[in-house]
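Right, one structure below, let's go through it.
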Amino acid sequence: MLALKCNNLGKAFGRRWLFRRLSFTVPQGTGLVILGPNGSGKTTLLRLMCGLVQPTEGKIVWEINGSVLRPSQVRSLIGAVLPDCEPYGELTAEENMQLVADLHGINKNYANEWLERVGLAHAKRQLINEFSSGMKLRLKLAMALVHEPMALLLDEPTAMLDEQGRQLVSELVAEQKRKGIVIVATNDERDVGYGEQQIVLGKNR
Ligand SMILES: Nc1ncnc2c1ncn2[C@@H]1O[C@H](COP(=O)(O)OP(=O)(O)OP(=O)(O)O)[C@@H](O)[C@H]1O
Ligand SMILES: [Mg+2]
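Note that the sequence shown covers residues 218 to 422 in my numbering.
The structure is reproduced here in structure tokens:
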């Protein structure tokens with residue numbers, strides 16, 4: 218069983234604490250929603266979960282059946298939609314998917330199926346520089362999911378999306394919870410239902 222465990226976690230940049238004394242466990246089959254105003258540290262907390270930044274104090278670990286995973290294991294376990302994972306603008310959607318599929322050793326046809334799933338089949342030969350923000354977000358979802366990660370981390374997944382797109386995210390979140398864990402950082406109250414647990418950052422400022 219997979220779990221994300223966070224114990225007395227704190228992150229500061231310079232002398233300014235974004236958050237301190239965060240403790241929670243996200244068990245397999247559930248979701249966590251991270252709420253808070255702009256600049257409260259939601260994206261930073263997702264980066265901590267990915268191992269892209271290190272905690273200032275406390276601990277954050279991924280465990281399978283009680284064993285702590287190494288950073289390389291965490292990377293293959295996670296799929297993330299973050300500002301850090303942008304597709305290449307001068308490549309097409311299909312080419313971007315191909316790159317990610319190659320990284321994970323996944324078959325090209327399967328990567329293309331994900332483009333269909335996120336509603337981008339019609340635009341697969343279009344350059345990402347010509348994509349709208351909602352289309353780009355859909356592509357980022359496909360890129361995050363193509364290796365069937367056990368944990369899906371989403372930063373503001375519905376901010377750019379139309380009603381159909383929001384429906385897609387709801388379905389993907391529900392599917393992910395059957396497979397593993399989902400974590401969603403959001404400013405949008407409508408996304409609160411994605412998780413059984415909620416954390417609100419920036420309350421003490
Ligand atoms: N690498 C960094 N070095 C210094 N400060 C940083 C760094 N990364 C983030 N910050 C600061 O930490 C604070 C929190 O940023 P973060 O992006 O985590 O907030 P957020 O809650 O995701 O905001 P938003 O709702 O706007 O996406 C901001 O004040 C930001 O400037
Ligand atoms: Mg953010």
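For each residue, glycine too, the CB sits at the ideal point set by N, CA and C.
Computed from a predicted structure; not experimentally measured.
Cutoff 6 Å; reference residue i; Cβ partners in own chain excluding five residues on either side
i	result
Leu249	Val243, Ile400, Gly412, Gln414
Ala229	Thr273
Ile281	Leu219
Ala402	Ile251, Lys259, Leu263, Asp372
Ser350	Met377
Ile416	Ile251
Ser317	It is worth fixing the name first, because residue 317 is Val in this sequence and not Ser. The answer, listed in chain order, is Met360, Val363.
Per DSSP, cross-strand counterpart(s) of residue i
i	result
Trp331	Per DSSP, none; premise fails for Trp331.
Val399	Gly248, Leu369
Ile281	Leu219, Ser284
Arg233	Phe230
Thr242	Lys222
Leu344	Thr309
Segment limits, alpha helix (DSSP H) that includes residue i
i	result
Ala338	Looking at the DSSP string, Ala338 is not in any alpha helix (DSSP H), and its letter there is neither H nor E.
Leu500	Because the chain here runs from 218 to 422, residue 500 falls outside it and cannot be looked at.
Ser430	The structure shown does not extend to residue 430, since the chain is modelled only from 218 through 422, so no value can be given for it.
Gly351	350-362
Neighbourhood of residue i by C-beta, 7 Å cutoff - its chain only, sequence neighbours within 5 removed
i	result
Gln245	Met218, Leu219, Ala220, Gly397, Ile398
Arg342	Thr309, Glu311
Gln393	Leu369, Val399
Tyr305	Asn313, Ile345
Ile323	Val363, His364
Limits of the unbroken beta strand (DSSP E) element including residue i
i	result
Pro374	First-last for Pro374: undefined, no H or E at that position.
Lys222	219-230
Ile295	295-298
Gln271	Gln271 -> no beta strand (DSSP E), and no H or E assigned at all.
Val417	414-417
Proximity below 8 Å, CB of residue i to CB of residue j
i	j	result
Leu371	Val298	yes
Met360	Cys267	no
Leu385	Val335	yes
Met314	Leu332	yes
Ser257	Leu418	yes
Ile251	Leu262	yes
Leu269	Trp279	no
His364	Gly296	yes
Gly320	Met367	The residue asked about is misnamed: residue 320 is Leu in this sequence, not Gly. No, they are not a contact pair.
Gly275	Asn224	yes
Cβ-based neighbour list, residue i, same chain, cut-off 8 Å, excluding 5 preceding and 5 following
i	result
Glu307	Leu344, Ile345, Asn346
Pro300	Thr260, Asp372
Leu265	Leu226, Lys228, Gln271, Pro272, Ile277
Leu337	Ala310, Met352, Arg355, Leu356, Ala359
Phe348	Ala310, Ala340, Leu356
Asn389	Per the sequence shown, residue 389 should be read as Leu rather than Asn. Here the set comprises Leu358, Leu362, Leu369.
Thr375	Gly382, Arg383, Val386, Thr403, Asp405, Arg407, Asp408
CB contact below 8 Å: residue i versus chain D
i	result
Gly336	Judged by its chain identifiers, the structure shown contains no chain D, having just a single protein chain.
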